[in-house]
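K.L.:
Once you've had a glance at the structure underneath, I'll fire off some questions.
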Amino acid sequence: MDEHALAFARVGAVDHHSVKIAARVPPSSSLLIPHAVNTTAEGEEFLPVDEYSGVKVVYRPTKPLGKWISGTDLIVDESKDWTGVVRIDGLWASTEYEFRLLRPSLTAASHPAFPNSYYFTTSPDPALASAATPGAGTHFTFASSSCVKAGFPYSGPWSKKVTKGAEYLKTVGEELSLKFVLFVGDFIYADVPYYPDAKLSSYHKRYRQIFASPEVHALAEKFPILTIGDDHEIFNDFDASEVDPAFVAANEAYGNYLGAANPDVAEPGANYYHFRHGDAAFFVWDTRAYRSRDDAEDDEEKTMLGERQKEVFFKWAAEVNNTVTWKFVVSSVPLMTLWSHGSDTWAGFTTERDAILDVLEYVPNVIVLSGDRHEFAAASIRTTVTEFSTSPLSMFYLPIRTVSQNHGRGATGEDVLLKYLPDGNSKFSTFEVDTRTANEPVVRVKVWIDGVEAWQVEVRGKPLDIPAPPSAIGSLGKSLLELLGFKVGFSLSFTKRRSVASRGVEENADSRPLLPSALTETELVLRIPVQRLPSNAQDEQEDERGRRRCSARVGGVEEEGTRQRREGRTSAEGETERSAGCWTIIRRAGSAGGGKKSITDFES
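Residue numbers (UniProt numbering): 1 to 604.
Here it is in C-alpha cells:
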C-alpha cells in the first residue's frame with residue numbers, strides 16, 4: 001500500500017450519548033472508482049482535487065435494526081494530511097451502532113475507500129451504572145499497552161509493515177470483547193531508525209507508516225483506541241524546559257492523527273483528558289508538554305505535570321472519590337521507582353510524586369496504567385495504589401534485568417514489586433472491571449506476552465461509600481477537599497506515615513493473587529494478604545486486645561512454587577498478627593479529646 005493512498009476509518013472516544021469518528025480520506029488523485037459492470041474503462045478519478053474532500057457519515061442502531069440517520073459530514077484537507085474527525089451526539093446508552101462512510105454527494109453510494117460497515121457500542125449511562133444505584137454496576141474489559149514500531153523485529157523487506165503485537169491484541173480483544181484500547185505513549189517512533197527533521201510533513205509521514213501496517217489498520221478499525229503521547233512522538237526523552245519547534249510540529253501531527261479523536265480535553269490546547277465508562281473513571285496525564293528537565297534538582301519546582309494539570313487532576317480526584325468505584329490514572333511513564341536509570345520516569349520527580357500520592361492515599365481503588373520501559377511490572381505503591389506498566393506492544397525488549405526491589409523507593413518499602421516480566425517483543429494487559437456485586441468490586445488483570453496469557457491477578461476494591469449529607473463533619477470527600485486546599489468549615493489532619501513493606505506476596509498456582517485494596521479514612525485495619533484462605537474462612541478474629549478484621553481471602557504471588565510463610569511481630573505502637581494467612585496492621589485513632597490519627601509503623 002502506498003502510504004500516500006492510505007485510507008482508514010476508526011472510532012475514538014465513545015461515551016453514553018456520543019461518539020467520535022476519525023478518518024483519513026486521501027486526495028482524489030490517489031483513488032480510482034471501478035466503473036459499472038460491462039464498461040471498458042479501467043476507472044476514473046473520484047473527484048477533482050480542488051473540490052470538496054471528505055465523506056458523509058450515516059449511522060443506525062443495530063438491535064433492533066433502525067433506519068439510517070445522516071450525520072455530520074467529515075471534512076478533510078491537506079493541512080491535516082487529509083485527516084478529520086466528526087462527533088455524533090444524541091445516541092442511546094449501551095447501544096450498538098453501525099456506521100458507513102459515503103461519497104460526499106446526495107447519492108447513497110459507498111465511498112470507494114470504505115466499502116464496508118463499521119460498528120461501535122456506546123457506554124452505560126454513568127447515573128445507572130454506578131454501584132451506588134441498587135441493582136446496577138458495571139462489567140466491561142479494556143486493554144492497555146504502549147510502544148509500537150511496524151516491521152519489528154525485522155525479518156526481511158517483506159516484513160517492514162508487519163506488526164505482530166497489533167495482530168495478537170486484535171485476536172485476544174475479539175475473544176474478550178474489548179470495549180476500547182488505551183495506548184499510553186510511543187504510537188510512533190519519530191527518531192527511529194533516524195530523526196529526519198522537525199517538519200510537520202515528517203511527523204505526518206511516521207503516522208501514515210504505522211497506520212499503513214495491515215495489523216495496526218485492522219486493530220484500529222475493530223476497537224476504539226484512546227491515546228496519549230510520550231517522548232518518541234517527538235524525540236527520545238523530550239522535556240518542555242524550552243520551546244522547541246519539534247514539539248510544535250509533533251503535537252500538531254499527534255492531534256491530527258490521534259488526539260482529536262480522544263475524549264474532549266480538560267483544558268483548551270491541552271492533551272490531557274478524563275472520561276467515564278460506567279462505574280469507572282479515567283484520567284489521562286500528559287507527562288511531556290509541561291515537564292522540567294530530567295536532570296533538574298528534584299524539589300518543589302521540578303514538575304512533570306505542570307501546576308494547572310495537577311490542579312485539574314486533584315479536582316477530578318475529589319469529584320470521583322465517592323461517586324465512582326474504580327479510578328484509573330494513566331501515565332505514559334511508570335509511577336513506580338523500581339527501574340534502574342529511571343530519571344525520565346517518576347523516579348526522577350519524587351517530590352511531585354509525593355504530593356500526588358499524599359492525595360491518592362485517601363482515594364480508594366486507584367489503579368495506575370503506564371508503559372515506556374519495554375517490560376512489564378506490577379507494583380503496590382504505599383499499599384494504596386496498584387500500578388501495571390505494560391510495554392511494548394511491538395518493539396524490542398531488554399535482554400538485561402532493570403527492575404529491582406532495591407531501586408528507588410523500593411528500598412524503603414514504599415514501592416513493592418508484585419510481578420516482573422521483562423521478556424517478549426509484544427506485551428499488553430487486559431482489565432476486566434466488575435462492580436455488579438456492589439460490596440465486592442474487582443478488576444481482573446491478565447498480562448499477554450507474544451499472544452499468550454502469561455500472568456493474571458485480581459485487584460479487590462473497597463465498596464463505594466455513599467456520601468454523607470454535606471453537613472456531615474469528617475466525610476472522606478471533605479477530607480480530600482481539605483487536602484487539596486479547599487476550605488470546608490472544619491479541620492482534620494493526618495500524621496505522615498512511613499509506608500509498610502509487603503514483601504514476599506505469594507501466589508497459589510490454582511488461584512489468582514489478591515492485591516490489597518486502598519486504605520481510606522474510614523478503615524481501621526489495613527489488610528496485606530500473603531497466602532490463600534479456604535473459601536469458607538470467616539473474616540472475624542479475636543484476641544485479648546479486641547476484635548480485629550481480616551478480610552484477605554487470597555494471597556499474592558508465589559514464585560516457582562515456593563510458599564513463604566510469615567510470623568507475626570509486635571511493636572510498641574501497635575501489633576501485627578499472623579492469622580489465617582494475612583497480616584493485620586492496626587490503625588489507631590486519636591484520643592476522644594481530639595488528636596491526629598496515625599498508622600502503626602513496623603517492618604516485616
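Glycine is no exception: its CB is placed at the ideal position from the N, C-alpha and C atoms. Since the model is a prediction, treat every value here as computed from it, not as a measurement.
CA-CA distance, L128 and G278?
P.N.:
8 Å
K.L.:
List the endpoints of the continuous beta strand (DSSP E) containing G84.
P.N.:
83 to 88
K.L.:
Going along the chain, which residues of its own chain have a beta-carbon closer than 6 Å to the beta-carbon of P193, five neighbours each way excluded?
P.N.:
none
K.L.:
If we ignore side chains and look at the alpha-carbon of each, how far apart do V363 and A355 end up?
P.N.:
Rounded to whole angstroms, V363 and A355 show a C-alpha spacing of 14 Å.
K.L.:
Are D286 and A296 closer than 8 Å when you measure CB to CB?
P.N.:
no
K.L.:
What residues in its chain sit with their C-beta under 6 Å from that of R444, if we drop five residues either side in the sequence?
P.N.:
Only E432, E458 meet the Cβ criterion.
K.L.:
Span of the beta strand (DSSP E) holding A109?
P.N.:
Premise fails: A109 is in no beta strand (DSSP E) and is neither H nor E.
K.L.:
So the alpha helix (DSSP H) G165 belongs to, where does it begin and stop?
P.N.:
164 to 176
K.L.:
Considering only the beta carbon of each residue, do F211 and F180 sit closer than 8 Å?
P.N.:
Here F211 is not near F180, since their CB atoms are 8 Å or more apart.
K.L.:
Would you list the residues sitting across from G54 in a DSSP beta bridge?
P.N.:
I75
K.L.:
If you drop the 5 nearest sequence neighbours on each side, which residues of the same chain put their C-beta closer than 6 Å to that of R103?
P.N.:
A109, H111
K.L.:
Can you look up R24 in the DSSP assignment and give me helix, strand or coil?
P.N.:
In the structure shown, R24 sits in a strand (DSSP, three-state: E or B).
K.L.:
With which residues is residue 606 paired in a DSSP beta bridge?
P.N.:
What the structure shows of the chain is the stretch from 1 to 604, and residue 606 is not part of that stretch, so it cannot be assessed.
K.L.:
Taking the Cβ atom as the reference point for each residue, do N256 and D465 lie within a distance shorter than 8 Å?
P.N.:
Not a contact, by the Cβ cut-off of 8 Å.
K.L.:
Whole angstroms are fine: how far does the CA of Y420 sit from the CA of V403?
P.N.:
7 Å
K.L.:
Return the chain-ordered list of same chain residues with a C-beta closer than 8 Å to the C-beta of S117, the five sequence neighbours on each side being excluded.
P.N.:
E98, F99, R100
K.L.:
Could you tell me the alpha carbon to alpha carbon distance between E453 and S429, rounded to whole angstroms?
P.N.:
9 Å
K.L.:
Excluding five sequence neighbours on each side, which residues of the same chain lie with their C-beta closer than 7 Å to the C-beta of G424?
P.N.:
Y397, I449, D450
K.L.:
Need the endpoints of the alpha helix (DSSP H) that E319 sits in, please.
P.N.:
307 to 320
K.L.:
Measure the alpha-carbon distance for V442 versus W82 and round it to whole angstroms.
P.N.:
Those two C-alpha atoms are separated by around 43 Å.
K.L.:
Report all residues from its chain with a CB closer than 7 Å to the CB of D344; omit the five preceding and five following residues, and keep chain order.
P.N.:
D237, D294, V333
K.L.:
Does I69 come out as helix, strand or coil in the three-state DSSP assignment?
P.N.:
strand
K.L.:
My assumption, with CB atoms under 8 Å, is that H139 sits in contact with R460. Please give the rounded CB distance.
P.N.:
Taking a contact as a CB-CB distance under 8 Å, the pair H139 and R460 does not count as one, their CB atoms being some 16 Å apart.
K.L.:
Taking Cβ positions, are T72 and V86 nearer each other than 8 Å?
P.N.:
yes
K.L.:
S145 and L418 look like a contact to me (Cβ under 8 Å); what is the Cβ gap, rounded to whole Å?
P.N.:
So it is not a contact: roughly 19 Å between Cβ atoms.
K.L.:
Between the Cα of S18 and those of V265, L335, T95, F314, spot the shortest distance and give me the residue it belongs to.
P.N.:
T95
K.L.:
Starting from the Cα of V368, find the closest Cα among F275, F282, W92 and give me that residue.
P.N.:
F282
K.L.:
For the alpha helix (DSSP H) containing G12, list its first residue and its last residue.
P.N.:
That residue, G12, is in no alpha helix (DSSP H); its beta strand (DSSP E) goes 8 to 14.
K.L.:
Below 8 Å on the Cβ atoms is my contact criterion, and I expect D15 with T121 to pass it. Report the Cβ-Cβ distance as a whole number of Å.
P.N.:
About 11 Å; that fails the 8 Å criterion.
K.L.:
Can you give me the C-alpha to C-alpha distance between V284 and L219, rounded to a whole angstrom?
P.N.:
21 Å
K.L.:
So E221 packs on A9, CB below 8 Å; how close in whole Å?
P.N.:
7 Å
K.L.:
Taking all protein chains shown into account, do 16 or more other C-beta atoms lie within 10 angstroms of the C-beta of P26, making it buried, or fewer, making it exposed?
P.N.:
buried
K.L.:
Out of T303, Y272, L258, which has the shortest C-alpha to C-alpha gap to A22?
P.N.:
L258
K.L.:
Mapping DSSP to helix, strand and coil, what is D354?
P.N.:
helix
K.L.:
Out of D298, D89, F313, state which residue places its alpha-carbon closest to the alpha-carbon of L305.
P.N.:
F313
K.L.:
Is DSSP giving R293 helix, strand or coil here?
P.N.:
In the structure shown, R293 sits in coil (DSSP, three-state: anything other than H, G, I, E or B).
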